[in-house]
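In what follows, a single structure is set out as structure tokens and then discussed.
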Amino acid sequence: MMFSPTLPNSYDARDRASLIHQQTDLKAYRDDGGTLMKRGEGIWVFDESGNRYLEAMAGLWSASLGFSEKRLAEAAYKQMLELPYYHTFFGKGNLPSVDLAEKLLSIAPKPMSKVLFQCSGSEANDAAIKLVWYYHNAIGKPEKKKIIGRVRGYHGNTVASVSASGQPHMHSDFDVPLPMFRHADNPNYYRFHEDGESEEDFSSRMAANLEALILAEGPETVAAFIAEPVQGGGGAITPPAGYFDKIQPILRKYDILFLVDEVICGFGRTGNLWGSETYGLVPDMVSCAKALSASYQPISALMISEPIYEALVSESDKLGSFGHGYTYGGHPVACAVALETLRIYEERDIVGHVRRVSPVMQEGFKALEDHPLVGNARGVGLIAGVELMADKAARQPFDPARKVGTLVQGKCQEVGLIVRAIGDRIAFTPPLIITDDEAAEMCSRFAKGLDAAWSELKAG
Ligand code: PMP
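Residue numbers for the sequence shown follow my numbering, beginning at 181 and rising by one.
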């Protein structure tokens, strides 16, 4: 939705004059502006003109408890009065970070040894990559350093985490990926399976290609594989049947660490507490963020297994201090808010709620496969991706230059629905508190957005 005409001194004008928007077409933004949100209520947000939107992305896959959970504001306020800041450097710390670390270890998808708090998903994954390198130096395997991510995977935007990500538009002009990163196939079965290939066969092909990549690089040089249980920024792509069951034995065979990025999937999104549970993953490190604090505070956590922790400690004699850390890692206010978030999840049985409401959303989108624009709708729990297709029978995508995904996203916004177009895949991750009625409303608004886009495309 555009703000026109632009009034001098309006927020829109001041915004365009002063801010760089992230992950945004900067020229289009300078010319047309965007949407500034003013307040939130449940799963709804309101822009500065008072227009109301159902936030079907929970912001950035993240505002799990919606936009008006007072208990989180109170938790922050209380902690700010008690101790507004204290770091975790030089052997110092604070109490909420201890409580939160213990809590996370008690609910980890696999027994984990220790928690490192950071401020964002990118930083948690960046730290994971640094620890992979540090670990292999510590255990006397300095040649084992390459990290394998996946095409369209997303792990963040620091230099290392964006290198692990497989998003070409985030690499070009930034001189990344760094040299020690490789990318395995994108597991989007619908788009990339061959005619007649079953999901299991497709997964076998993905696993065989990964093994071939490892062998070509030399297994003694490959340190870790990083993956999201469900690829988020790649388009909300759920793994095909058998995918991780076939990948994990290969990682074990070549002694490759498995870094599981639970930044989107963690805390109930897939209908279990962790995506790792949903898909039977056995990680060596787990990163999480976003729903950890319902996004009311910037905080992430990296959980690491005992052998990795022991290797870190073993370097103390040689190196003295562990040379990694951020001013705000383990921030007491962020930790207090995260603790309250986890309490709310348990009290309200958020995982059970996701399981109950998920069919309304998933079946609602599945029904839209009859729509002329929709080739495929697929998801798990409260995450789904809807693939728009030019020719459904031939599985022929639109010419990217037509920006059909962006058109659909804009039409949805006109009917009060915020979705995210990732190319021509439309992603959905509503707040986990969405009700059945709201989920039905989300599907019906999406159908309206699709109809409006279809009318415009037909008209040429
Ligand atoms: N990993 C995944 C799976 C993500 O989806 C994201 C953010 N969308 C990140 C990492 C990076 O998190 P942040 O933006 O908090 O740095």
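Positions of the beta carbon are idealized from the N, C-alpha and C atoms, including for glycine. As the structure is a prediction and not an experimental result, all values here were calculated from the model.
So what does DSSP say about residue i, is it helix, strand or coil?
i	result
H363	strand
S242	helix
A627	helix
K546	helix
C515	helix
L461	coil
R528	coil
S496	helix
R703	The structure shown does not extend to residue 703, since the chain is modelled only from 181 to 640, so the question has no answer here.
L393	helix
S190	coil
Q428	helix
L296	strand
I287	helix
A639	helix
M182	Model confidence at M182 stands at a pLDDT of 47, short of 50, so the residue's coordinates are unreliable and nothing is read from them.
V342	helix
I'd like to know whether the C-beta atoms of residue i and residue j end up nearer to each other than 8 Å.
i	j	result
V443	S467	yes
M350	V339	no
F438	F405	yes
Y265	H511	yes
C299	Y508	yes
G415	I602	yes
P567	R371	It should be pointed out that residue 567 corresponds to Glu in this sequence rather than to Pro. Going by C-beta atoms, E567 is nearer than 8 Å to R371.
C445	P419	no
I223	P580	no
D464	H335	no
S302	A471	no
L612	S244	yes
Output needed for residue i: all residues of its chain with C-beta closer than 8 Å, excluding positions within five of it in sequence on either side, in chain order.
i	result
D279	C515 and L519
V462	K290, Q428, F438 and S456
L206	I200
V531	G448, G451, N452, L453 and Y525
In chain order, what residues of the same chain have a beta carbon less than 6 Å from the beta carbon of residue i, not counting five sequence neighbours either side?
i	result
H316	K324 and A403
R536	none
M217	V225 and D227
R600	M237 and A607
Y233	V225, G596 and I598
A255	A516, V517 and E520
M483	A288, M292, V295 and V466
V584	L568, F578 and D604
K572	G555
Identify the residues that DSSP records as bridge partners of residue i: which are they?
i	result
W224	E221 and L234
G329	H363
G559	A564
D571	Q576
C445	Answer is none; C445 lacks a bridge partner.
A407	V440
M483	V295 and V466
R605	E567 and I602
I172	Outside the modelled stretch of the chain, which goes from 181 to 640, sits residue 172, for which no answer is possible.
V402	K326
Evaluate residue i with the Cβ neighbour count: other Cβ atoms within 10 Å of its Cβ, from every protein chain shown; 16 or more gives buried, anything less gives exposed.
i	result
P357	buried
F297	buried
I598	buried
M292	buried
A638	First, the amino acid is wrong: residue 638 is Lys here, not Ala. Per the 10 Å Cβ criterion, exposed.
Q259	buried
R210	exposed
R660	With the chain covering 181 to 640 only, the question about residue 660 has no answer from this structure.
T204	exposed
L395	exposed
M182	Only weak support is given to the placement of M182: the predicted model assigns it a pLDDT of 47, under 50, and the value that follows is read from those uncertain coordinates. M182 comes out exposed.
A364	buried
N337	buried
P322	exposed
L263	exposed
Tell me which residues share the same chain as residue i and place their Cβ nearer than 7 Å to its Cβ, disregarding the 5 neighbours each side in the sequence.
i	result
E397	K326 and R362
Y423	P367, S383 and M386
L431	F405 and F438
R251	E520 and I524
G460	F424 and D425
D195	L216
Y132	The shown model of the chain, from 181 to 640, leaves out residue 132, and the question about it has no answer.
S184	Bear in mind that a pLDDT of 49 at S184, under 50, signals an unreliable position, so the model cannot answer this.
T458	P409, T450, G451, N452 and V560
E495	A318
G629	V588, K591, C592, V595 and L597
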